[in-house]
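Quick note: the sequence shown uses our numbering, first residue 438, plus one each step.
For glycine and all other residues, C-beta sits at the position ideal for the given N, C-alpha and C.
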Amino acid sequence: MKITISVLKADVGSIGGHLKPSQALLEEIKNFVHHRAKNLLIDYYLSCTGDDIAILCTHTKGPGNPQIHQLAWEAFLAGTEVAKKTGLYGAGQDLLKDSFSGNVKGLGPGVAEMEIEERENEPFIFLAADKTDPGAYNLPFYLAFADPMYCSGLILSPKMSEGFKFRIIDVSYTEKNKVIELNAPEDLYNLAALLRDTEKYVIESIYARHTGNQAVAISTQRLHNIAGKYTGKDDPVALVRVQGEFPATGEVLAPFNIGHYVAGFMRGSHIGPLMPCRLNSTISYFDGPPIVTGAAFSMKGGKLSEPVDVFDHPYWDAVRFQIAQKATEIRRQGFCGPSMLPYSELEYGGVVEKLKELEKRFTTVD
Ligand code: F6R
Ligand code: MG
Ligand code: MG
Numbered sequence: 438m439k440i441t442i443s444v445l446k447a448d449v450g451s452i453g454g455h456l457k458p459s460q461a462l463l464e465e466i467k468n469f470v471h472h473r474a475k476n477l478l479i480d481y482y483l484s485c486t487g488d489d490i491a492i493l494c495t496h497t498k499g500p501g502n503p504q505i506h507q508l509a510w511e512a513f514l515a516g517t518e519v520a521k522k523t524g525l526y527g528a529g530q531d532l533l534k535d536s537f538s539g540n541v542k543g544l545g546p547g548v549a550e551m552e553i554e555e556r557e558n559e560p561f562i563f564l565a566a567d568k569t570d571p572g573a574y575n576l577p578f579y580l581a582f583a584d585p586m587y588c589s590g591l592i593l594s595p596k597m598s599e600g601f602k603f604r605i606i607d608v609s610y611t612e613k614n615k616v617i618e619l620n621a622p623e624d625l626y627n628l629a630a631l632l633r634d635t636e637k638y639v640i641e642s643i644y645a646r647h648t649g650n651q652a653v654a655i656s657t658q659r660l661h662n663i664a665g666k667y668t669g670k671d672d673p674v675a676l677v678r679v680q681g682e683f684p685a686t687g688e689v690l691a692p693f694n695i696g697h698y699v700a701g702f703m704r705g706s707h708i709g710p711l712m713p714c715r716l717n718s719t720i721s722y723f724d725g726p727p728i729v730t731g732a733a734f735s736m737k738g739g740k741l742s743e744p745v746d747v748f749d750h751p752y753w754d755a756v757r758f759q760i761a762q763k764a765t766e767i768r769r770q771g772f773c774g775p776s777m778l779p780y781s782e783l784e785y786g787g788v789v790e791k792l793k794e795l796e797k798r799f800t801t802v803d
């Protein structure tokens with residue numbers, strides 16, 4: 438049976454700064470989706486990660502379906518009204534355009550979707566990150582799908598021995614979708630050469646080469662490109678099918694114990710370690726650290742099980758402790774050197790203006 442899994446997410450307002458949406462806002466969006474779900478959705482799951490709300494839903498209408506996108510757009514609009522009425526901060530922040538034109542891509546919300554031939558039993562993980570950008574997934578997915586040091590299935594499972602195809606998008610090119618497909622293991626060095634540059638080259642999807650089946654879909658929208666100025670970080674969501682011909686759940690989770698440094702953190706302009714957190718986690722230290730949450734599901738005929746919180750385990754408490762230390766360590770050097778993003782990626786216009794002014798005051802001397 439062909440099922441589409443869609444996740445659409447947006448920040449439409451939160452409490453106490455950019456921390457977490459209110460319960461009332463979540464309820465409003467949940468009620469909206471609930472009333473519109475009839476004859477459209479098979480199932481849905483609503484969650485928040487930091488200040489972002491994600492609508493995960495299953496249906497048979499295929500990716501990019503205008504009805505599904507309209508439902509999400511209108512749900513976020515309804516949420517925005519509650520945010521405005523109750524004085525939440527940044528009400529409607531990610532809804533960058535006024536009118537809906539059939540697809541939320543390019544309007545602000547992030548989208549990750551895939552149409553799959555549902556397996557006899559269909560386990561998958563929904564990941565959501567806050568205070569970072571889509572390049573945050575480059576390293577963990579490279580390691581989980583291409584490196585036997587992290588994914589033992591690449592050497593142990595005959596179903597995975599052909600490796601995976603990575604589709605990578607150049608997010609700096611805004612005219613059209615500029616993509617390249619690279620195969621692991623042959624293209625490992627080429628993959629690494631691109632994926633090291635997380636602000637430009639971003640994994641969009643991954644496919645099992647043995648069957649051609651899609652394993653991963655990631656939201657690659659850049660708010661910066663849509664708005665032409667800083668309006669918040671992109672806070673990417675991802676769908677990852679697991680087990681069988683794909684890496685096991687634990688193999689996908691394994692690289693998240695690195696707490697690798699990603700772009701984002703305070704004002705979307707810094708570098709901080711990505712911390713795997715419990716579902717519905719909030720934001721704190723230095724508007725961060727950048728966080729990722731994970732909900733694992735099983736699915737039958739598009740009907741979802743209850744979620745399992747993949748980072749809610751004593752193992753990850755120890756990991757979080759180490760990552761907190763990494764966050765403190767890089768913050769000790771404040772604005773200096775690699776703790777902040779390079780000039781081209783600084784999200785707030787202020788410093789750019791300041792540098793332009795200062796440029797005029799430079800003189801050349803012998
Ligand atoms: C980063 C983020 C926050 C804000 C910061 C300032 O993505 O959401 O770090 O950039 O709290 O917010 P404003 O400019 O709204 O006062
Ligand atoms: Mg956010
Ligand atoms: Mg935000």
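Considering only their Cβ atoms, is the gap separating residue j from residue i smaller than 7 Å?
i	j	result
Asp489	Lys446	yes
Val541	Ala491	no
Gly539	Pro503	yes
Pro713	Phe693	yes
Val679	Pro560	yes
Cys485	Asn717	yes
Gly590	Glu688	yes
Gly726	Gly709	Strictly speaking, residue 726 in this sequence is Pro, with Gly absent from that position. Yes.
Ala621	Gly600	yes
Glu623	Lys602	no
Val470	Tyr481	yes
Ala512	Ile466	yes
Locate the beta strand (DSSP E) running through residue i, then write down its first and last residues.
i	result
Ile728	728-737
Asn717	Run containing Asn717: none; DSSP gives neither H nor E here.
Thr495	489-496
Glu559	559-567
Phe603	601-607
Ala699	A small fix is needed here, since residue 699 is Val in this sequence, not Ala. From DSSP, the beta strand (DSSP E) with Val699 extends over 698-701.
Ile479	Element bounds for Ile479: n/a, residue is neither H nor E.
Leu525	No beta strand (DSSP E) contains Leu525, which DSSP labels as neither H nor E.
Leu676	674-678
Gln651	651-655
Have a look at the options and flag the residue whose alpha-carbon is nearest the alpha-carbon of residue i.
i	options	result
His697	Arg757, Gly739, Gly665	Arg757
Val639	Ala700, Ile663, Ile695	Ala700
Phe564	Phe513, Val548, Gln762, Leu508	In the sequence on display, residue 564 carries Leu and not Phe. Answer by Cα proximity: Val548.
Thr497	Tyr481, Thr441, Ile505, Lys475	Thr441
Phe723	Thr730, Gly739, Arg704, Asp448	Arg704
Ile643	Phe799, Glu766, Thr569, Tyr579	Tyr579
Pro673	Leu711, Ile695, His707	Leu711
Lys379	Lys467, Gly450, Arg556	In the structure as shown, the chain starts at 438 and stops at 803, and residue 379 therefore has no counterpart that could be examined.
Met597	Arg646, Glu555, Glu612, Glu641	Arg646
Asp634	Gly774, Leu778, Ser594	Leu778
Ile663	Phe513, Thr765, Asp531	Asp531
Name the two residues that bound the continuous alpha helix (DSSP H) containing residue i.
i	result
Tyr807	Any property of residue 807 remains undetermined from this structure, which presents the chain solely from 438 to 803.
**Asked** Below 8 Å, can you find three or more Cβ-Cβ pairs linking the segment 510-520 to the segment 740-758?
**Response** no
**Prompt:** Touch check for the segment 646-661 and the segment 675-689: three-plus C-beta pairs under 8 Å?
**Reply:** With the cut-off at 8 Å, the segment 646-661 and the segment 675-689 touch.
**Prompt:** Pick out every residue whose C-beta is nearer than 7 Å to a heavy atom of ligand 2: which are they, in chain order?
**Reply:** This criterion selects Asp448, His455, Gly487, Asp488, Asp489, Asp567, Lys568, Gly669, Lys670, Asp672.
**Prompt:** Quick one: any contact between the segment 466-480 and the segment 570-589, if contact means 3 or more CB pairs under 8 Å?
**Reply:** no
**Asked** Is the segment 570-577 in contact with the segment 451-471, if contact means three or more CB pairs nearer than 8 Å?
**Response** As far as the Cβ criterion goes, the segment 570-577 does not touch the segment 451-471, which means the pair count is below three.
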